[in-house]
Amino acid sequence: MAEDDRDAPAQRWYLYLVETAAGALYTGVTTDVARRFREHRDGKRGARALRGKGPLTLRHAEYVGGHGEALRQEAALKKLSPAAKRAWLAQRESEPTSS
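Numbered per this note's numbering, the sequence shown spans residues 208 to 306.
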């Protein structure tokens with residue numbers, strides 16, 4: 208019997224935003240931000256929506272918890288208008304980082 212996600216140890220999920228050369232923001236979730244961004248940038252396993260839209264810039268990534276929470280936050284962010292996404296991003300960028 209093959210293992211599934213329920214049998215795997217809890218993974219750390221991240222919400223991330225990638226900006227295209229034209230300024231569009233793409234939202235996604237992953238357990239490995241560097242790998243996923245590399246996939247988007249290289250175009251082979253990246254999102255179809257980002258192909259041919261480079262250069263790409265990783266604008267934001269943050270730990271959000273488990274897979275379900277990551278999907279909820281991704282869905283909420285995708286529902287926002289482009290202006291609201293930029294405001295959300297500006298708020299995150301202005302928050303002090305903890306050491």
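Virtual Cβ for every residue (Gly too), placed ideally from N, Cα, C. Bear in mind the structure is a predicted one, so any value in this text is a computation, not a measurement.
First and last residue of the uninterrupted beta strand (DSSP E) at residue i
i    : result
R266 : T264 to G272
With 16 other Cβ atoms within 10 Å as the buried cut-off, status of residue i
i    : result
Y223 : buried
G275 : exposed
R243 : buried
A277 : buried
Y221 : buried
Start-to-end residues for the alpha helix (DSSP H) that takes in residue i
i    : result
L296 : P289 to S301
Cβ contact (3+ pairs, closer than 8 Å) linking the segment 287-305 and the segment 240-259: no
Any alpha helix (DSSP H) of 4 or more consecutive residues that is wholly inside the segment 217-284: 240-249
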